[in-house]
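So the structure is just underneath, and the comments pick up after that.
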Amino acid sequence: MIPHIIYILFFVTGIHASAIEELQGAVPNADFRSVLEDGKARATVSPPNAAQQAANTEFWHGFFGAVSVIVVSELGDKTFFIAAILAMRHSRLAVFGGAIAALAIMTVLSAVLGFATTVIPRVYTHYLSIALFVFFGIRMIREAYYMDPNEGLEEYEEVQKTLSKKELDDSMQASRDALDVESGVVFGVHRRLWGFFSRVFFQALTLTFLAEWGDRSQIATIILAAREDPVAVSLGAILGHSACTLLAVLGGRIVSQRISVRSVTFIGGIVFLCFAVSSVCLGSGEDSLKSL
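With mature numbering (1 follows the signal peptide of the UniProt record, and there is no 0) as the guide, the letters of the sequence shown map in order to residues -17 to -1, 1 to 275.
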């Protein structure tokens, strides 16, 4: 009987001591205490890093900036009409592939040129980019003010005439080369189809590349890559080019009749000026770079 009473007293005493420790915030078992502390440490979310937040902000600023600048620069541009006219006569897939390949190459080259200016102190490239944004913004607004309302259709017809003459020369050359001189037999159907597809692809690539060289969108890409994340600028510019080229390939003729190149040019000038203002407000970013 006495041993049972002793066991009961020990049991009650242990429960009472455990209850007191729990009320005081303690954990009786040291191992369990360490496990609980580890769990709390893992559950605690560390506050976001200010440098990481700044990097993310810069990335998306460069990405969306490149998309908007390319869209307002390329709608109604010569490369837009080249893709539209070629897509009316040839495979849309081949035209789209060739145009995007040229624009992607041009975008990467422009981003590399812009990134190469990082050897120059950032404060100089910052104010230079602001000056260029203001210059091109005012220039585009001035061009829109003096532009003929039928400017888009005139440029469309001019590009169409140029491509018609070039395609006539290419077709005459292709007809002379279609017959094998040595064997006197015509090439196989598959080979001819592949040759036609590749010819359209490279025609779209070369025409787009040459038309884009020195264009407003290329200069804008260089400016953005000089002060923003070049990867973000490249991705945003390629996305903007893809959207404009896809629109040109699918319905370039309709778009050229519906949109006003004058209005698009005016909006583009406003966008360039807005980027100049945003660059002034955001600053050169030297403080954020020093914090990194």
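Backbone N, C-alpha and C fix where the C-beta goes; we use that ideal spot for every residue, glycine too.
_Considering Cα atoms alone, identify which of Val254, Phe63, Gly223 and Arg245 is closest to Val78._
Phe63
*asked:* If you follow the alpha helix (DSSP H) that Leu86 is in, where does it begin and where does it stop?
replied: Arg75 to Ala99
*In angstroms with no decimal places, state the Cα-to-Cα distance between Ile205 and Thr248.*
20 angstroms
*Counting only the same chain and skipping the five closest in sequence on each side, list residues whose C-beta sits under 8 angstroms from that of Val263.*
Ile113
*Reducing DSSP to helix, strand and coil, say where Ser243 ends up.*
coil
*Since Ile65 is in the alpha helix (DSSP H), which residue starts that stretch and which ends it?*
Lys61 to Arg72
_Simplified DSSP state of Glu104, which is helix, strand or coil_ = A quick correction: the sequence has Pro, not Glu, at residue 104. Correct three-state label for Pro104: coil.
*Excluding five sequence neighbours on each side, which residues of the same chain lie with their C-beta closer than 7 angstroms to the C-beta of Leu222?*
Val50
*Identify whether Leu58 lies in helix, strand or coil by the three-state DSSP scheme.*
coil
*Please report how far the alpha carbon of Val106 lies from the alpha carbon of Ala208, in whole angstroms.*
14 angstroms
_Inter-residue spacing [alpha-carbon to alpha-carbon] between Ala215 and Met71_ = 33 angstroms
_Residue from Gly48, Val52, Glu57 and Arg75 with nearest C-alpha to Gly234_ = Arg75
_I'd like to know if the segment 196 to 205 and the segment 88 to 105 are in contact, where contact means that at least 3 CB-CB pairs between them fall below 8 angstroms._
yes
*Is the beta carbon of Ala259 less than 9 angstroms from the beta carbon of Phe116?*
yes
*Backbone secondary structure at Glu211 - three-state DSSP*: coil
*Can you round the beta-carbon distance between Leu86 and Thr191 to whole angstroms, since I take them to be within the 8 angstroms contact cut?*
6 angstroms
*Is the Cβ-Cβ distance between Pro213 and Val95 less than 9 angstroms?*
yes
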